[in-house]
Structures are given as structure tokens and as C-alpha cells.
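Only one structure is covered here, and it is reproduced in the block below.
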Amino acid sequence: MTERECWLWLNNVPYMWHNKIKKLLEAFGTPLEIYNSSKERLVLSKAVSEKDIYHITHSKGIIDPVKIAEDMDKKNIKFVTIDEEKYPGRLKLIDNPPYCLYVKGKLPEKGKAVSVVGARNCSDYGRNMARAIGRKLAELGSDVISGMARGIDTYGHIGALEGKGYTYAVLGSGVDVCYPSENAELYEEIVKRGGVISEFPMGAKPEGWRFPQRNRIISGLSHCVIVVEAKVKSGSLITAEFALEQGADVMAVPGRAGDKLSEGSNMLIKDGAEIITCLDDIGNFLGMADVKNNENLIKLLEKDFEVVYSETDLSPVSIDELAERTGMKIEKLYEILLKLQLRNLIWEPVKNYYARKL
Amino acid sequence: MLFVTVETDVCEGLPSIDMVGLLNSEVREARERVRTAVRNTGIIIPPKRITINLSPADIRKEGGFFDLPIAVGILCALGKIKSIYNMEETVIVGELSLDGTIKGVRGVLAMALCAMEQGYKNIIVPWDNVYEACAVRQHKCGKDINVIGVRRLQEAVDILNGNREPEGIIIMENKDGVEKESQKEDFGDMCGQENLKRASLVAAAGRHNILFVGPPGSGKTMAALRIPSILSKPDIDECIEITKIHSAAGQLKERGIIRKRPFRNPHHTITGVAMAGGGSRVTPGEITLAHRGVLFLDELAEFRRETLEILRQPLESGRVVIVRNSGIYVFPADIMLVAATNPCRCGYYPDRNKCRCTDRDVQKYMGKISGPLMSRIDITVTSPLFRAEDFQHTGKKLSSHELRKKVEGAAVIQRERYKGTNIRFNSELNPGEINKYCYLGKNEKSIIKEIFASMEISARAYYKILKTARTIADIEGKVNIEESHIAEAVGYRSVV
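Protein chains in written order, with our numbering: chain A, 78 to 435; chain B, 80 to 575.
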């Protein structure tokens, strides 16, 4: 059995995960050694529990790495171990680098990589920002890494794809499991323009405990983590913490004080994370030159248009509020809002609520 | 409608009263009521064989209003009544109480109207229904009918015998009362929520169906309740139609004719039968009771799916057809649908500080309202959460009275434009007619093109936008649709 096949086998043993593999490796050195060890040696090593030893010894005949490899070939999924050349260099440097990676598409290359993470139940403001940041990063020539979860993650990916950049999704399930299922289309797009990555074997279900695990890979692959919207207790903050441990930068998008969805990101800023007040902050902070300058359409606006535009915000504002602020009649506002939309300056994320476009 | 003829025969034989003519149990029971009522009036029925026939024989007779005609029939046959009226030209309705009192029945207006149209000269009705019956005399069809109201059987006998003058009926044209009623709810009471008000005005002017979306307490129900106050006042024919339906359903609370548009507000647990009409004795449902008025469905997404789907056909054709084995019933159902819903289950989307629903939850909630129903709703409008500032809003608030003037102005324009066609309101236009009546200039065409290019707009949404834009132009008194009208209509498009 080759080294690679041993890794594949070990990775597929039931209930096996990073920490257990780590302990086994400390005791035996190589996966081949683990494979060849008798039950007695495994017991003596005291590396893992009896139940795990049972799974290890019994899976030898059942789990056939050759067959799994064939299956992966069919699905166009690659398998990379930590010892191989293709394994991303950055990831090797972190505390607990995953021993194996399953990849659909490709792995990130040497260039800059920035991750965009945040809440699943994000606001329209967060969605707008994540998308704009993803697009901006792509335009700056950086890879965008995220977790393909609902909300911010999804829009980070979408933004990167819109900016014609490369984007990578690190999943908390097997690479062949698209979770959440409504992102099926996005999943295919990411495979085409980047890759879907996971340390979990094929078919692994998206169980809760896997997500903090995968977060260390997200931060490990990135030079910088951008937190868009996060509550105080959230996976995004875990990712940010990993980033700090791993020596990556952390940037955060501020929210309003008291806004629950932004409490986490605001806290990061308070603790010293770099604040993003406009998209140019990203390029400046990362030392990346702006490829193209943002066109300034706003200068050309007529007076009424400018009044309305100046009252809009990154987070959506209802038409009633705009009427209140501008003192204009509803029927007049509708006309201006439509024209601003047609000029691509604002959008209508929710019906009758309008937000500025970045 | 067909009038039943009561034939009575008295002959020698074993004393009994027999009734024939395909009678329902409540009609059959009339025998006992009539016998007792006649006796308690002081008239003795001699021990003879009395046969009563209700013709035509092949139609099932239902309802409690045959008591009085049967009693009068018997008394005529016994010679106790020698009528000064021609009984061939007289319609009699009424339910008898055991002591001879005549009680009100439902559907009198419809009967009186029919009797008048069919050329009957007199109608005798219970006193409770007399104002209702008199209302038909305002209906201009070139005919007239003499309405006689009676309180007791004895009174009916005396009047028919000519021993007593029918009691005079004073119809008070109680205009003040009507006005007061409709002013109870006024748009002037609403602070802020200009968007809701404006959309309500547009909807009322073109009789578009409208959907309010917003968090709890954002004024959706308040606005809906006020919509009848800005609809054009019903004309006399409409009043009679409305009254007829309510009378037939036994829901007439007013004395006389109803002079305001109905506002029906069924709870969301309503069944399909209650919505469309039906039952063993087929009665009109909510959708018919709202005829010529507003059907308001609060919490639209909470209604049962089947119940909502029932609305599809009536919203299209303005009538509801109910088929039962007893026959086919066609009820009028020309309504303006006003619906309100929360944007999501918790109600606070898109306020992410309060709303914990996922995007999928939000979509799922709104998805409960089916596409076909949404396609019949021209205007969708969102109302934001009510804020303290709205109370302090000092600007001049438009009252219902002013809004109604605008609605009526738009109605005049529409009537003028659609002269000689079946169309009354812009909302009734079909795609072919839209192309004919909604002329777009060069600028307008180009903006429509731009909208198509940058927003996801279906062909159906396009027509809805044009219809709504037409109404807005009518409100503004413009001959042609202008850019601003289109822009506003785009703001009212539905997004689900």
C-alpha cells in the first residue's frame, strides 16, 4: 500500500478526525505504520480509545482506498496530502494543518488570498458590503476565500465571481456535498473559477462540530481575514481568532453601535483590527495597487437626484423615510429612485427599500 | 327569479290540511304555524279538507316566507278575505309567529325588485322588511309597485278586505347619517406612511387589487379600513345590488337600503365554502358579500391555500359560479381585493435587529401566496415600521374627502375613455386593450426599455406596470402616460 493510499484510508476511518490522527501520528510516525500495526500495538500506544481501535482494525478490509480513489477520479476530485508539493505552503505553517485535503477544482496559488467571512443571517448592508468587497478583492487580483455558508460567505464568493477573480470555498462537509443546497449553482461556479476544498472525506455530512475545524483552514489559506458582519459568539470570530494565532491580518467592516449583527465585528475593531470605511482601505492596507479607479458618476447628478442620493445609505432606507428626510412627495421620489437605479447608483434590495451601491 | 303560486282548495271530507308541491321541511312545517296563527287571530278554521298546492310542482321550495301567503290563501278560500286587491297581481311574503305576528324574512329586496320587473302591482311584506322593499321604487325601470307592510295577520286581513288603510311609510333620505358613517374612518387620521396612502389612492382610482407588506403595527390594517372611504360613492343601482345580496344572505342590518360600499374582513381561518359561497342551502360567501366593495384579507399568507385559490376565477370574471347538485348558482363578485401580510413569519424583515428569519424563511413565507393570485394584484407596497417621528409629522395630511375627489376625478376620465366598451376601470384592461389605451411616447418607450434591461421584469409585470401608470396619469389628469407615472408604477410592482 502506498503512502497516499494509507492517508486516504486513515482519513476515511469512521469517527476519525484531525486530533485523533495527530495523536496516532505522534505514536507511530507515519500512516503506513498505523496501517501495519497490530491491535495490541495500538492498544499499547494509548493514542486513541478502544472504540477507535476497533474502527481502525475493522476498517482495513472494508475501506478500500483504491476504490475511493477511483470514485474520486470519476467525480473529478483531487486528493492532496501534507507531504506533497501541491499542498498550499501557507497552510503548512499553521498550528494544526490538515493532513489531507480534498479538492474539487484547484487549490489557491501563490498570490494574495483574502477571506471574507460573516453571519449567515446577514443584513442587506452586510450582503452589499460582502459582495462589494469580494468584487474589489478580485479586481485587486487577490483570491477570495470563504466558506460558502449562507449570507456573507455566499456574497463574498458572488462578488469575487462578478469581479472575474478566483474564489475558493472551504467546506465543513465533504467536497461532494453542497451545503447549503440552495448554493448548488454557486458551487459549480466556484469549481470553475477556483475550487472547493475540504479536509473531510467524501460524503461527510455538514455536522456542527466540523465548522470551527474548517475555519482554521479558511484563515490558514489567507493573508488577511475580513469580517463583514458577525455576532459576538460566531464562527466568524473563531476564524478571526485563528487568523491572529496564525499571524494573518484581520480587517473588519464596522456596523452601527448596538447593532447585534455587527457587535462582533465592532469588537474586533475595538481590539485593534483594521477598519474598513471604504473599499479603498483594503487595497491600501494590503499594499495592493488599485487596478482601475472607480468612476464617479455622482458628480454629474442634478440637484434633486443628489438630495435623494445623499440621503441613501449602504443599509436600505424605506421610501417613507426618504420622503420624510427629503420632504419630497412620494410620486416624485419614485421617479428619482427609478432613475438612480437605472444609473446603477442605488438598488432595491427589499421592496420599497433603497440602498447605495458600492 | 320565479314566483310561487299558492293554490288553496276547501272541500268536504275528513278534516285535514294537506300541502303538496315539493316542499322542504321548513315549508311543510308552515301548516302547523299557519293553523295556530289563524286560530290565535280569532278566526276559526272549519273542519274541512283543505288542500294547498305550491306551484310549479317541480321546483323545491325552501324558506320560511311561505307562511303568510298560505294563511292568506286559506282565508281567501274560506271566504274570510274578499280582497280589494287583485290577488293575481299581488306578491305576499312573510313568516308567521304562533300568535299571528308577522316576522321579517331575508331576501325581500330581491323579491320586490323581481316582482316589480315582472309587472306585479302590489307586494305585501313584513313590516320589518318594509324599508328594504320600498327601496326598489328608487330603481328606475319605468315600473312601480305598491309596497304594503304588515305587522300582524289580522292587519293583513283587514287591509286586504279594505277595512283598513295600509300604514304610511315615511322614507327618510337620511343623507347625514350616511355621511357620518363613512367619515368614521379617515385617511387624515394616519400619520406618516405616505407611501401607503399614495398607493391606496392609486389602487382605489383604478380599482386595482392591492397588497400591503409590512411589520406589525405599520398601518396596513388602518389603511385597508380606510379604502372604502375613498372609493367613489355607489350609485343607486349599485346600492340596490349591494342591499339585495345582504338581504338574501340575511345580513341586512340597516333599515332600508345600504348606501355605502361593503367592507368584508374575513378571518384567515375561513373555509373555501364560506369564501366562495355554498352550503346545503346555497348562500353567498364573503366574496359576494363584498360585491361592489372591498374584500380585505389580513394576514394573506396565513390563509389556507385552497381558500386563496378560489379567489382566482372571481377576481378575473367578477362573479362566482357554484355548482351543486341542486343547481348552478351564479353570484356577483365584483370586488376590490385589499390584502395585507407580514414580510416574514416574525414580521420584522428587513430589520435584522429584530428579524431572525433566514432568507429562505422569508422567501418561503411570501411564497405561500401563489403566483396566479399575485398576478391579479397590480399594486404591492411596503410599509416600514412606525416611528415616533411619524406622530410629530406636521405636514398637511390628505383627508379621505380630498382623496375621494381625486378618485372620482379619475373615474370620470376612465368612464369617458372607455365609453361604449365593457371596461369601467383601468385594472380591467387586457393586454390587447393596454396596447390600445396606454399610449407611450418616445421617452417613455426608452425608459421602459431601460427598465427591462436592468431589472427582472416579466411580461406580466410589464402590463401591470402600464395599467398602474395609466391610473396614475388619470389621477394627475394627464392625457398620456409620462415617465414619472411609469417610475411610480415600477415602485408598486410586486417582487415575489
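The beta carbon of each residue, even a glycine, is placed where N, CA and C say it ideally should be.
Quick caveat, the model's predicted, so the values are computed rather than measured.
Whole-angstrom distance between residue j and residue i, CA atom to CA atom
i, j, result
"R402/A", "M445/B", "30 Å"
"G203/A", "A325/A", "22 Å"
"G224/A", "D230/A", "6 Å"
"T79/A", "N89/A", "15 Å"
"K591/B", "T459/B", "The first residue shown for chain B is 80 and the last is 575, placing residue 591/B beyond what the model contains."
"K276/B", "G511/B", "30 Å"
"V125/A", "L109/A", "17 Å"
"V558/B", "D413/B", "27 Å"
"E372/A", "A540/B", "In this prediction, E372/A scores a pLDDT of 46, lower than 50, which makes its location untrustworthy; the coordinate-derived value is nonetheless stated afterwards. Their Cα atoms are separated by approximately 32 Å."
"E276/A", "A226/A", "16 Å"
"D237/B", "I227/B", "12 Å"
"S573/B", "W94/A", "49 Å"
"L452/B", "G233/A", "35 Å"
"D139/A", "W424/A", "Contrary to the premise, residue 139/A reads as Ile rather than Asp in this sequence. Looking at the two C-alpha atoms, the distance is approximately 56 Å."
"L391/A", "A350/A", "21 Å"
"L356/A", "G218/A", "14 Å"
"A355/B", "I366/B", "6 Å"
Element boundaries [alpha helix (DSSP H), containing residue i]
i, result
"N96/A", "H95 to F105"
"S342/A", "E340 to K347"
"R110/B", "A109 to N119"
"S313/A", "G312 to Q323"
"V384/A", "K380 to E388"
"Y427/B", "Unbroken run through Y427/B: none, as it is neither H nor E."
"L121/A", "K116 to S122"
"W86/A", "E80 to N89"
"S296/A", "R287 to L298"
"E436/A", "The shown model of chain A, from 78 to 435, leaves out residue 436/A, and the question about it has no answer."
"K189/A", "That residue, K189/A, is in no alpha helix (DSSP H); it is neither H nor E in DSSP."
"G450/B", "G450 to M453"
"F375/B", "It is not in any alpha helix (DSSP H) - F375/B instead sits in the beta strand (DSSP E) that spans V373 to L376."
Same chain, Cβ closer than 6 Å to residue i, five either side skipped, listed in chain order
i, result
"S339/A", "E306 and G332"
"F288/A", "G249 and G312"
"A191/B", "I202, A212 and V215"
"I353/A", "M328 and V330"
"G256/B", "For G256/B, the predicted structure reports a pLDDT of 42, less than 50, and the residue's modelled location is therefore unreliable. The matter cannot be settled from this model."
"E317/B", "R371"
"M534/B", "none"
Same chain, Cβ closer than 8 Å to residue i, neighbours up to 5 away in sequence not counted
i, result
"G236/A", "V193, A207, R208, A209, I210, G211, R212, K213, L214, A215 and V221"
"V99/B", "T130, I131, N132, L133 and A136"
"K337/A", "K308"
Cut-off 7 Å between Cβ atoms - residues of its own chain near residue i, not counting five sequence neighbours on either side
i, result
"D457/B", "H287, N288, S506, K543, K546 and T547"
"L238/A", "T244, E266 and R270"
"E322/A", "D172"
Limits of the beta strand (DSSP E) - the one that residue i falls within
i, result
"V209/B", "From DSSP, V209/B is part of no beta strand (DSSP E) but of the alpha helix (DSSP H) over V209 to C213."
"S479/B", "Where S479/B is concerned, there is no enclosing beta strand (DSSP E), although the alpha helix (DSSP H) it sits in stretches over S479 to R496."
"L416/B", "M415 to T420"
"R439/B", "Counting along the chain, R439/B falls outside any beta strand (DSSP E), though it belongs to the alpha helix (DSSP H) covering D438 to G446."
"Y245/A", "T244 to V247"
"C90/B", "T84 to C90"
"P283/A", "Per DSSP, P283/A belongs to no beta strand (DSSP E) and is neither H nor E."
Can we say the stretch 139-154 of chain B touches the stretch 167-183 of chain B, given the rule of at least three CB pairs closer than 8 Å? The stretch 139-154 of chain B, when compared against the stretch 167-183 of chain B, does touch it at the 8 Å Cβ threshold.
Check whether the stretch 191-209 of chain A and the stretch 264-282 of chain A touch, using three or more Cβ-Cβ pairs below 8 Å as the test. Not touching, per the Cβ criterion.
Just by C-beta distance, which residues in the stretch 514-534 of chain B are closer than 8 Å to chain A? Only those residues of the stretch 514-534 of chain B whose C-beta falls short of 8 Å from the nearest C-beta of chain A are listed: I526, E529, I530, S533 and M534.
Any 3 or more C-beta pairs closer than 8 Å across the stretch 119-137 of chain B and the stretch 86-96 of chain B: Contact between the stretch 119-137 of chain B and the stretch 86-96 of chain B is present, because at least three Cβ pairs lie under 8 Å.
Which residues, in order along the stretch 233-262 of chain A, keep a beta-carbon less than 9 Å from a beta-carbon of chain B? Taking a C-beta cut-off of 9 Å against chain B, the contacting residues of the stretch 233-262 of chain A are P257 and E259, listed in chain order.
Quick test of the definition: if touching needs 3 or more C-beta pairs under 8 Å, does the stretch 343-358 of chain B touch the stretch 374-387 of chain B? By the Cβ test, the stretch 343-358 of chain B is in contact with the stretch 374-387 of chain B, since at least three Cβ pairs between them sit closer than 8 Å.
Beta carbons nearer than 9 Å to chain A: which residues of the stretch 454-468 of chain B have them? Listed in sequence order: T459, V460, T461, S462, P463, L464, R466 and E468.
For the pair the stretch 393-407 of chain B and the stretch 267-276 of chain B, tell me if three or more CB-CB distances fall below 8 Å. Remark: fewer than three beta-carbon pairs, one from each stretch, lie closer than 8 Å, so the stretch 393-407 of chain B and the stretch 267-276 of chain B are not flagged as touching.
Can we say the stretch 381-396 of chain A touches the stretch 407-420 of chain A, given the rule of at least three CB pairs closer than 8 Å? Contact between the stretch 381-396 of chain A and the stretch 407-420 of chain A is present, because at least three Cβ pairs lie under 8 Å.
Taking only beta carbons into account, state which residues of the stretch 378-397 of chain A come closer than 8 Å to chain B, listed in chain order. For the stretch 378-397 of chain A, which is checked against every Cβ of chain B, the residues closer than 8 Å are P393, S395, I396 and D397.
At a cut of 8 Å, does the stretch 150-170 of chain A reach the stretch 180-188 of chain A through at least three beta carbon pairs? Contact annotation: the stretch 150-170 of chain A touches the stretch 180-188 of chain A, with at least three C-beta pairs closer than 8 Å.
Does the stretch 101-118 of chain B touch the stretch 147-162 of chain B, meaning 3 or more C-beta pairs lie closer than 8 Å? The stretch 147-162 of chain B vs the stretch 101-118 of chain B: in contact.
Residues in the stretch 407-418 of chain A with C-beta within 9 Å of chain B's C-beta atoms, listed in sequence order? Hits within the stretch, in order: I407, E408, K409, L410, Y411, E412, I413, L414, L415, K416 and Q418.
Check distances from the C-beta atoms of the stretch 501-514 of chain B to those of chain A and list, in chain order, the residues that come in under 8 Å. Taking 8 Å as the Cβ-Cβ cut-off against chain A, none of the residues of the stretch 501-514 of chain B qualify.
Residues of the stretch 332-344 of chain A whose Cβ lies closer than 7 Å to any Cβ of chain B, in chain order: So the close ones are D336, K337 and L338.
Quick one, which residues of the stretch 420-440 of chain B are near chain A if we go by CB-CB under 9 Å, in chain order? Residues P422, Y428, P429, D430, R431, N432, C434, R435, C436, T437, D438 and R439.
Could you name the residues of the stretch 264-281 of chain B whose beta carbon sits closer than 7 Å to any beta carbon of chain A, in the order they occur along the chain? Residues of the stretch 264-281 of chain B with a C-beta atom less than 7 Å from some C-beta of chain A are G271, Q272, E273, N274 and R277, listed in chain order.
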